[in-house]
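> At position 277 of the sequence shown the residue is numbered 272 (this note's numbering), and the sequence of numbers has no breaks. The beta carbon of each residue, even a glycine, is placed where N, CA and C say it ideally should be.
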Amino acid sequence: MANLTIRNLTVDTIELVEIERYEGERVRTGDVVSNVAGAISSFMNATDFSAHETRAQGDALHKEKANVRVDPFKTKETDIRAADKNKEVIRLTFKVADHRYEVDVPSPSRKSAVMKKLDGGKKELTAVYTHNGAFLAIFSSARLNAWMKELDDEWPLPLLSIPGTHNAATHHKALPSVRCQAATVPEQLQNGVRFLDVRVSANPDNDELTIVHGAFPISLTGNKYLKDHLEDLYEFLEKNPSETLILSLKREGTGKGTDQQMGKYLKNSYVDKKRDLWWTEPKVPTLGAARGKILLVRRFALADDQKKACWNGRGWGIDASAWPDNCEDGKTGGGHIRVQDFYEVTESQNIEKKTDFARRQLERAAEQNFFIPGMDGHKADAKTPPFFVNFLSANYFFNANCWPERVAAKLNPSMTEYLCIRHGDEGKGPNKLKVGSGSTGILVTDWVGAHDDWDLVRCIVGMNARLQHKKK
-4 MANLTIRNLT
6 VDTIELVEIE
16 RYEGERVRTG
26 DVVSNVAGAI
36 SSFMNATDFS
46 AHETRAQGDA
56 LHKEKANVRV
66 DPFKTKETDI
76 RAADKNKEVI
86 RLTFKVADHR
96 YEVDVPSPSR
106 KSAVMKKLDG
116 GKKELTAVYT
126 HNGAFLAIFS
136 SARLNAWMKE
146 LDDEWPLPLL
156 SIPGTHNAAT
166 HHKALPSVRC
176 QAATVPEQLQ
186 NGVRFLDVRV
196 SANPDNDELT
206 IVHGAFPISL
216 TGNKYLKDHL
226 EDLYEFLEKN
236 PSETLILSLK
246 REGTGKGTDQ
256 QMGKYLKNSY
266 VDKKRDLWWT
276 EPKVPTLGAA
286 RGKILLVRRF
296 ALADDQKKAC
306 WNGRGWGIDA
316 SAWPDNCEDG
326 KTGGGHIRVQ
336 DFYEVTESQN
346 IEKKTDFARR
356 QLERAAEQNF
366 FIPGMDGHKA
376 DAKTPPFFVN
386 FLSANYFFNA
396 NCWPERVAAK
406 LNPSMTEYLC
416 IRHGDEGKGP
426 NKLKVGSGST
436 GILVTDWVGA
446 HDDWDLVRCI
456 VGMNARLQHK
466 KK
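Structure, rendered in structure tokens:
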């Protein structure tokens, strides 16, 4: 039986002070109808569903004091025997900032657990436990609807750890090879997503932009339109002005409109009507400058006259029109973006290759360093690192095992585990690179939020605590 390892990913020192061991009891959750529906959904969509939880039963079988100190962003292997899976629950009591917090390991469900406050502490802490390696990671629990509020205005956006969604609006009933998301866009935003990848089809004779995935509409019940999608974004920003959203737009579908026509439609009929809510200058802003706005990443070309007319001839939006195809680490956006977008997963074995590429891009993002005003090492003329965009998505129409939800069922838990155990830990990445600010970059996911499981998003957002720590 492995010993418990604790990783502290908060800005505070954490002390484990007490351990209690309980017999684990398997408890059925929900009713028969909801469990059958959940099981069918899980079978169809390959997402994790469980009708049972393991809970601590009765009185503690054993109780002992402990004295394990874990400093901020440090990892400590203890001599505490991990819980026997499905048979035992360990209740751990931690002391943080002179207050006590409690968590059961493993948590009753397979998802992360908010630590219980025992004496009115002000900290909000989340624990993520992985049986593989008996590893407990502890994060600060950001308010996911407004997590950017806690960060300094001076941070350039590429230094943030940002959750994103691939084909973000494809949550409707659709062909399983077309649908990429379990949750609606408003639900994604409320739960921390800040990068949205959207594809639209354009026609030459009108400005109505239809949301698509490749050649296919995203809903079996009728077309969905960009104008309605944007209203969701505007409403969110109105309620959460501390946040910024990054919108990546690409032209796809069967419409005969060109990139240049699409660019003019987007500017004249959409963006200009809400100009104060958009960041279209072709440079990367700081968080403070972009709060309350949508940053446009443009995966389509502009007409020459539109480019000349915008921002003194510098263009419009972050130009990512020369997108590197099927790449491990490509460059675009005039040096503003480095991207991992290997999507050609034709066999389920290729998911391992995709996983390795994603981990390497995470490590490259973590290596970047930057010092804002007030920090030692700050230089006013320092070059801002690029966005590290890291797609976890992949799809192959002719193999059901490689449809989006089935790839996500393997990749998402693997990425959660990697973030908890290895990301930002010196020498633990695939290439053993140095760790700078420890960012994850932008992780672009499929099927987050299925069965209300937002663990991957919580882990990404939790990595921003490093920026708070560096600013101290």
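Taking the straight line between their C-alpha atoms, what separation do you get for S172 and T216?
One C-alpha to the other measures close to 16 Å.
> Tell me the residue span of the beta strand (DSSP E) that contains F382.
Segment F382 to F386, the beta strand (DSSP E) holding F382.
> For W273, which of helix, strand or coil comes out of DSSP?
Strand at W273.
> Mind reading off the beta-carbon distance from D66 to H94? Whole number of angstroms is fine, and I expect it under 8 Å.
Not quite, the Cβ-Cβ distance comes to about 18 Å (not below 8 Å), so this is no contact.
> Cα separation between T327 and L139?
If you take the alpha carbons of T327 and L139, they lie about 30 Å apart.
> Indicate the three-state DSSP secondary structure (helix, strand or coil) for F231 in the structure shown.
Here F231 sits in helix by DSSP.
> In three-state terms, what does DSSP make of D336?
D336 falls in the coil class under three-state DSSP.
> With 16 other CB atoms within 10 Å as the buried threshold, where does L120 fall?
L120 is buried by the Cβ-count criterion.
> What is the rounded straight-line gap between the Cα of I133 and the Cα of V443?
Going by the C-alpha atoms only, they are around 20 Å apart.
> What residue ranges within the segment 193 to 267 form continuous alpha helix (DSSP H) runs of no fewer than 4 residues, ordered along the chain?
Counting only runs of 4 or more, we get 221 to 234 and 254 to 260.
> Where does A163 fall in DSSP's three states?
It is coil, neither helix nor strand.
> Need the endpoints of the beta strand (DSSP E) that S135 sits in, please.
Taken as a continuous stretch (DSSP letters only), the beta strand (DSSP E) holding S135 covers F130 to S135.
> If you reduce the DSSP assignment to three classes, tell me which class G33 lands in.
Note that G33 scores 47 on pLDDT, short of 50, meaning its location in the model is unreliable; the coordinates nonetheless yield the value given after this. Looking at G33 - three-state DSSP - the assignment turns out to be helix.
> How would you call Y413, buried or exposed, if buried means at least 16 neighbouring beta carbons within 10 angstroms?
Burial call: buried.
> If you draw a straight line from the alpha carbon of A32 to that of L451, how long is it in whole angstroms?
Note that A32 has pLDDT 43, beneath the 50 cutoff, so the model's placement of it is unreliable and no number is given.
> Once you ignore the five residues that flank N218 on each side, which residues in its own chain have a CB closer than 6 Å to its CB?
The answer, listed in chain order, is T205 and P212.
> How big is the Cα-Cα spacing for M458 and G419?
Between M458 and G419, the C-alpha separation is close to 9 Å.
> Give me the DSSP bridge partner(s) of G19.
According to DSSP, which records beta bridges pairwise, G19 is partnered with A51.
> Please name the residue in T160, R174, W398 and R417 whose C-alpha comes closest to that of I437.
The residue with the shortest Cα to Cα distance from I437 is T160.
> Measuring alpha carbon to alpha carbon, tell me which residue in A395, V193, I455 and N426 is nearest P408.
That would be I455, whose Cα lies nearest to the Cα of P408.
> Quick one: is N162 buried, meaning 16 or more other Cβ sit within 10 Å of its Cβ, or exposed?
Buried: at least 16 other Cβ atoms inside 10 Å.
> Near A55, which residues of its chain fall below 8 Å by C-beta distance, leaving aside the five closest residues on each side in sequence?
Hits under 8 Å: E15, R16, Y17 and R86.
> Fully enclosed by the segment 361 to 432, which alpha helix (DSSP H) runs are 4 residues long or longer?
Taking only runs of at least 4 residues, the alpha helix (DSSP H) segments lying wholly in the segment 361 to 432 are 399 to 416.
> Rounded to whole angstroms, what's the CA-CA distance from V27 to E48? Just pull it up for me.
Note that V27 has pLDDT 47, beneath the 50 cutoff, so the model's placement of it is unreliable and the number below is only indicative. Each residue's Cα considered, the two are about 15 Å apart.
> Pick out whichever of F383, F190 and M370 has its Cα sitting closest to the Cα of L291.
Ranking F383, F190 and M370 by Cα distance to L291 puts F190 first.
> My assumption, with CB atoms under 8 Å, is that N321 sits in contact with Y338. Please give the rounded CB distance.
Yes, they are in contact, since the Cβ atoms of N321 and Y338 sit about 6 Å apart, within 8 Å.
> Let me know the secondary structure DSSP gives H126 once reduced to three states.
Coil, per DSSP.
> Mapping DSSP to helix, strand and coil, what is P181?
P181: helix per DSSP, three-state reduction.
> Out of N3, K60, K268 and A78, state which residue places its alpha-carbon closest to the alpha-carbon of E20.
Comparing Cα-Cα distances from E20 to each of N3, K60, K268 and A78, the minimum goes to A78.
> Which of helix, strand or coil does DSSP assign to E13?
Three-state result, E13: strand.
> Using three-state DSSP, classify G293 as helix, strand or coil.
The question names Gly, but residue 293 is Arg in the sequence shown. Strand at R293.
> Would you say V439 and E362 are within 8 Å of each other, going by their C-beta atoms?
No; because the gap between Cβ atoms is not below 8 Å, this pair is not in contact.
> Could you tell me which of R286, A315 and F89 sits nearest to R64, measuring between CA atoms?
Among R286, A315 and F89, the Cα nearest to that of R64 belongs to F89.
> Where L406 and P151 are concerned, what is the direct C-alpha to C-alpha distance, given to the nearest angstrom?
When rounded, the distance between both Cα atoms is 28 Å.
> Would you please state the rounded distance, in angstroms, between the beta carbons of A360 and T435? I believe it to be under 8 Å.
6 Å between Cβ atoms; contact.
> What's the gap between the Cα of L228 and the Cα of E83?
Going by the C-alpha atoms only, they are around 45 Å apart.
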